[in-house]
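What follows is a set of notes on a single structure, which appears directly below.
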Amino acid sequence: MTIIIEPVTGLPLIREGDDLPAMIAERISIRDSDILCIASSVYSKSKGYTRRLNDIIPTERAIRIGKKTGEDPRFLQGVLDASTDILLEYPFILSEVAGGHIGVRAGVDQSNIDDGMIILLPPDSMKAAEEVRGRIKAFNGSDIGVIITDTVGRAFRRGQTGNAIGWSGMSAIRDFRGDTDLFGHVLKITEEAVVDEIAGFANFIMGESNNGVPAVIFRGCEKWKGHDDLYYHADEDIIRKSLCSR
Ligand code: GDP
Ligand code: MN
Ligand code: MN
């Protein structure tokens, strides 16, 4: 398959109340079957999923963690408030957020926002993707796929990459189980996290600093079949189990 990737350029600094899907659709042509990736940070800013550090009163736990990590306890409280389960407190908070995504500092960002402010992940990233998809459909009738991305760290390897934290109009996983390989062996295990692969490349186009490209379009991805069970359930997640049993 030949895939064309187009960055959405020319977007201003996004503020609460901005109609992000419309602002994107005004700047780039969007067609049926396109996949639109949007940085979660920018989606959150448009919805006001941000907090002012001065409004946050740290609890004992945040103060205790801050003494170890050297981070601002108000920031850490923002991270704790955004978390549904804490897997690790030190050397950084690693936690689960609503929806099942697990991330360093609950995906809370202090970059690409005014001093003294933090950006939270959308409280329901799946709904966010669905909403953007619906808004594009209403805007020009295009039936597209949407992926909400975030830059995440990884176990075992240095370097961050993009992950999908919400998606709509596609399944998260391409399921190869039951397929045969070139030698006729039946594949028993292979499930491909396609939404993360696309998010990873979108993240490369976006950059992390001052590129100003919070959205990227993928045109020409062949459709795939699979399922949406992207996150391990707690009882089958061996890394989570070993972290939490220490
Ligand atoms: P995250 O990966 O979702 O945490 O988002 P990043 O902070 O890494 O930003 C991803 C991309 O969006 C980068 O190219 C940023 O420069 C860009 N970006 C972030 N905020 C804005 C904004 O308000 N307006 C525009 N035009 N670009 C932004
Ligand atoms: Mn982020
Ligand atoms: Mn990023």
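With the working numbering, the residue at position 139 of the sequence shown is 1027, and numbering never jumps.
Backbone N, C-alpha and C define an ideal beta-carbon position, used for all residues, glycine too.
| request: Grab the span of the beta strand (DSSP E) containing N1051 for me, first residue to last. | output: Start at 1 with the first residue of the sequence shown, and residue 1051 comes out as number 163. Unbroken beta strand (DSSP E) run through N1051: 1049–1056.
| request: Label T1078 either buried or exposed according to how many other C-beta atoms from any shown protein chain fall within 10 Å of its C-beta, with 16 as the threshold for buried. | output: One-based indexing of the sequence shown puts residue 1078 at position 190. Counting Cβ neighbours within 10 Å, T1078 comes out exposed, since fewer than 16 surround it.
| request: Identify every residue that forms a DSSP beta bridge with D960. | output: Here residue 960 is taken as the residue at index 72 of the sequence shown, counted from 1. Per DSSP, none; premise fails for D960.
| query | Among G1095, G1029, F1027, I1006, which one has its Cα closest to the Cα of T1049? | reply | The sequence position of residue 1049 within the sequence shown is 161, counting from 1. For T1049, the nearest C-alpha among the options comes from G1095.
| query | So does P995 have its beta carbon nearer than 7 Å to some heavy atom of ligand 2? | reply | Numbered from 1 along the sequence shown, position 107 holds the residue referred to as residue 995. In the sequence under discussion, the amino acid at residue 995 is Gly, which differs from the Pro named in the question. Indeed, a heavy atom of ligand 2 lies less than 7 Å from the Cβ.
| query | Are the C-beta atoms of I1126 and some chain B residue less than 8 Å apart? | reply | This model lacks chain B altogether; it includes just one protein chain.
| message | Just checking D1038 against ligand 1 - is the residue's beta carbon closer than 7 Å to any of the ligand's heavy atoms? | response | As a working mapping, residue 1038 is identified with position 150 in the sequence shown. The answer is yes for D1038.
| Should the stretch 943–956 be called in touch with the stretch 910–923, which here means at least 3 C-beta pairs below 8 Å? | no
| query | Considering only C-alpha positions, which residue in the set G898, G1047, T890 is nearest to N1099? | reply | Translated into the one-based positions of the sequence shown, residue 1099 becomes position 211. Of G898, G1047, T890, the residue nearest in Cα terms is G898.
| Status (buried if at least 16 other CB within 10 Å, exposed otherwise) for P1003 | The residue you call residue 1003 lines up with position 115 of the sequence shown. Note on identity: in this sequence residue 1003 is Asp, with Pro being the wrong assignment. D1003 comes out exposed.
| Straight-line Cα distance separating D1069 from D1000 | Translated into the one-based positions of the sequence shown, residue 1000 becomes position 112. Translated into the one-based positions of the sequence shown, residue 1069 becomes position 181. Residue identity differs from the one stated: residue 1000 is Asn in this sequence, not Asp. Between N1000 and D1069, the C-alpha separation is close to 45 Å.
| query | If we count the other Cβ atoms within 10 Å of its Cβ and call it buried at 16 or more, is R1117 buried or exposed? | reply | Taking the sequence shown and counting its residues from 1, one reaches residue 1117 at position 229. Here residue 1117 turns out to be Asp, not Arg, going by the sequence shown. Classification for D1117: exposed.
| message | Here's the rule I'm using: 16 or more other beta-carbon atoms within 10 Å means buried, otherwise exposed. How should K1113 be labelled? | response | What you label residue 1113 is simply residue 225 of the sequence shown in a count that begins at 1. Exposed, since its Cβ has fewer than 16 Cβ neighbours within 10 Å.
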